[in-house]
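So the structure is just underneath, and the comments pick up after that.
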Amino acid sequence: MSNLLKRSCYSTEISSDLIGKELVFNGWVAGKRNLGSLVFVDLRDREGILQLVFDKELNEELYAKASKLGREYVIGVKGFLRKRDTANADLITGEVELKVTELEIFSTSAVPPIHVREDDGAKEELRLKYRYLDLRKKKNMDRLRLRAKINRVLREYLANEGFIEFETPILNKTTPEGARDYLVPSRVNPGKFYALPQSPQIFKQLLMIAGADRYYQITRCFRDEDLRADRQPEFTQLDIEMSFIDQEGVMELNEGLMKHLFKEIVGVDLPLPLRRMSYHEAMERYGSDKPDTRYGMELLPLEDVFRDSEFRVFASAVEEGKSIRGIFVPGEGVFSSKELKNLEKMAKTYGAAGLATVILEEEPKGSIAKFLGEKEIAALRSLAGGEKGTFFIVSDEKKAVLTVLGNLRGSIARQKELYDPKQFDLIWIVDFPAFHFDEEAQRYVAEHHPFTMPKEEDLAYLEIDPLRIKADCYDLVINGFETASGSIRIHDSKLQAKIFDVLGFTKESANQRFGFFIDALKYGTPPHGGIAYGIDRLTMIFSETENIRDVIAFPKSLQATCLMSDAPSYADDKQLEELHIRVIKNED
1 MSNLLKRSCY
11 STEISSDLIG
21 KELVFNGWVA
31 GKRNLGSLVF
41 VDLRDREGIL
51 QLVFDKELNE
61 ELYAKASKLG
71 REYVIGVKGF
81 LRKRDTANAD
91 LITGEVELKV
101 TELEIFSTSA
111 VPPIHVREDD
121 GAKEELRLKY
131 RYLDLRKKKN
141 MDRLRLRAKI
151 NRVLREYLAN
161 EGFIEFETPI
171 LNKTTPEGAR
181 DYLVPSRVNP
191 GKFYALPQSP
201 QIFKQLLMIA
211 GADRYYQITR
221 CFRDEDLRAD
231 RQPEFTQLDI
241 EMSFIDQEGV
251 MELNEGLMKH
261 LFKEIVGVDL
271 PLPLRRMSYH
281 EAMERYGSDK
291 PDTRYGMELL
301 PLEDVFRDSE
311 FRVFASAVEE
321 GKSIRGIFVP
331 GEGVFSSKEL
341 KNLEKMAKTY
351 GAAGLATVIL
361 EEEPKGSIAK
371 FLGEKEIAAL
381 RSLAGGEKGT
391 FFIVSDEKKA
401 VLTVLGNLRG
411 SIARQKELYD
421 PKQFDLIWIV
431 DFPAFHFDEE
441 AQRYVAEHHP
451 FTMPKEEDLA
461 YLEIDPLRIK
471 ADCYDLVING
481 FETASGSIRI
491 HDSKLQAKIF
501 DVLGFTKESA
511 NQRFGFFIDA
521 LKYGTPPHGG
531 IAYGIDRLTM
541 IFSETENIRD
551 VIAFPKSLQA
561 TCLMSDAPSY
571 ADDKQLEELH
581 IRVIKNED
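The structure is reproduced here in structure tokens:
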């Protein structure tokens, strides 16, 4: 065994009392400088960088060996720690260096396709293809270490609160409702398929029926859905369920959990209780059920401004009962003409027919300013509090207007950096609708999932007007991201049957999909509820990044592919034959 394999410590664990001591370090060659009779090598380990010195006059053979070192060679060194003549303030270890007496090259390296440094400028596709090199950057590894710390803190808190960590099945039956399942063919049961879990929902409820009382697990979940910057096909969630609990109890426990987590991770002392806002208020004020309230720009109703206006486009919209709303961005000259055009294009991608602008300066400008009279301009100035700035206005059916302006609001805030990225904004969103009506399928669909308890005071509407029913559920929103979602569950088998009926399930189809669970509800089910946190999103927020791929060791691309391993891939004919599967080739 090499005597250089056993490191003395990591580079950043060096203290002043180690100066003059003989030490061993392992790591990668991050850089090399040859200055005549001296070779300086930057050794990178998991914690940082340490400068190594090879002196030709002291050991010519060692000097020659060091001169041949290349980037990303893996080495072990022994030597004596000493103070540097000139300190490097950019490094934690910048006041010391190792005068090397022994060097072993454990492995060489081909020329890396990306530079292992923070400012390498490599495109994301290349970084994902060589993710193992990308993770050598301290910033990226630190994010994964932060993730591990978050998991540890969560586990410790829940264990101290009497929760038991359980594991639930990865392979289960498909219950198509919501996002698409990832299916796994069964070799021993030809023609049948397992589904990877979208969440452990049913199993955690079964554990409550089993008497577990307080359950949690940090688990992998899978959803075959369209991807975006904060979404992956496989993701990790902290799943929590409790018996003999109501909404207040769930929220109180989770506020304690968040207070502890924020204190441990970022040193922030969260004031409790957290703010609460109804779904209706969130949509009306922010155009989103996950509002970021670190900045203003609330949606303003403008129907009264344009009622009987000479600008007939908006006046007619008011007459037709349509909604007209706007957001106001204060500041003179905030947007260039190009930016305004790009925002209009963006609004159209969100579903708007167009985007009207009124720029409040000494002389009003903007796309519709010339069509407006003094009355409308005065009303807009009043709504703006007399400030100069820009109104962005959309007219359409109310739901469309809220969606467009809600998305536009977030985009503008990010582009113009209208908030402090180090600020944390936590808010509970409550009183969601229990159902919506799917026009295409011509049936009611559960907003969350079919096991969510309706508000008790709304149960009378179950058979006459399901859209009036609110759900006993709650989302925790942090900085505009839905970070956790939960609900009180149905614990009465008769009520669960009624909900399935409202959702258009026949008794036969409900039994086919959920029969084992419906049966379990008959054997004494306690009132219960819970919540699930997205660990990826939580880590993303603490890491001050808006790309979820930054906080996952080996993430998928926006096309749901692994650029490193080339997954998904084709299966060979023998595998398909064993699974009784035949692939039908697309003729196009």
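So the sequence shown is numbered by this note's numbering: it starts at 1 and just counts up by one.
All C-beta atoms, glycine included, are put in the ideal place defined by N, C-alpha and C.
None of these values were measured; they are calculated from a predicted model.
If you draw a 10 Å sphere on the C-beta of Ala89, you find fewer than 16 other C-beta atoms in it, and that means exposed.
Look at Leu35 here: in three-state DSSP terms it is strand. Of the candidates Ala497, Leu408, Leu503, Leu261, Leu503 places its Cα closest to the Cα of Phe437. Only residues of its own chain outside the window of five on either side were considered, and among them Ile114 have a CB closer than 6 angstroms to the CB of Ala122, listed in chain order.
Relative to Glu482, the option among Phe222, Val430, Ala384 whose CA is nearest is Val430. Nearest to Tyr194 by C-alpha distance, out of Ile202, Arg214, Asn172, Ala212, is Asn172. Every unbroken stretch of the beta strand (DSSP E) spanning 3 or more residues and falling wholly within the segment 151-225 is given here in chain order: 183-185, 193-195, 214-222. In the DSSP annotation of this structure, Thr12 is not part of any alpha helix (DSSP H), being labelled neither H nor E.
A straight line joining the alpha-carbon of Pro190 with that of Phe432 spans about 42 angstroms. When the five nearest sequence neighbours on each side are left out, the beta carbons in the same chain lying within less than 8 angstroms of the beta carbon of Arg180 are those of Arg223, Asp224, Glu225, in order along the chain. In this structure, Ala413 is the residue among Tyr350, Ala413, Gly256 with its C-alpha nearest to the C-alpha of Pro291. For Gln237, the uninterrupted beta strand (DSSP E) segment begins and ends at 234-243.
Counting along the chain, no alpha helix (DSSP H) covers Met564, and no H or E run does either. Remark: C-beta atoms of Glu97 and Val41 do not approach each other more closely than 7 angstroms. According to the DSSP assignment, Ser367 belongs to no alpha helix (DSSP H), since it is labelled neither H nor E. The C-beta of Leu558 has fewer than 16 other C-beta atoms within 10 Å across all chains shown, which makes the residue exposed. Assignment of Phe306 by DSSP, reduced to helix, strand and coil, places it in the helix class. The C-alpha of Gly76 is placed about 12 angstroms away from the C-alpha of Cys9. Beta-bridge pairing by DSSP links Ile324 to Ser395. C-alpha of Asp246 to C-alpha of His528: approximately 7 angstroms in a straight line. If you look at Gly79, you'll find it in the beta strand (DSSP E) that goes 74-83.
For Phe514, the enclosing alpha helix (DSSP H) starts and ends at 507-520.
By the criterion of a C-beta distance shorter than 8 angstroms, Asn140 is surrounded in its chain by Asp134, Asp550, once the five residues flanking it on both sides are discounted. In the displayed model, Ser543 falls within coil according to three-state DSSP, outside both helix and strand.
Within a 10 Å sphere around the beta-carbon of Asp304 sit fewer than 16 other beta-carbons, which makes this residue exposed.
Assigned with DSSP and collapsed to three states, Thr525 falls in coil, not helix or strand.
In the structure shown, Val116 adopts coil according to DSSP, grouped into three states.
Taken through DSSP and simplified to helix, strand or coil, Glu482 comes out as strand.
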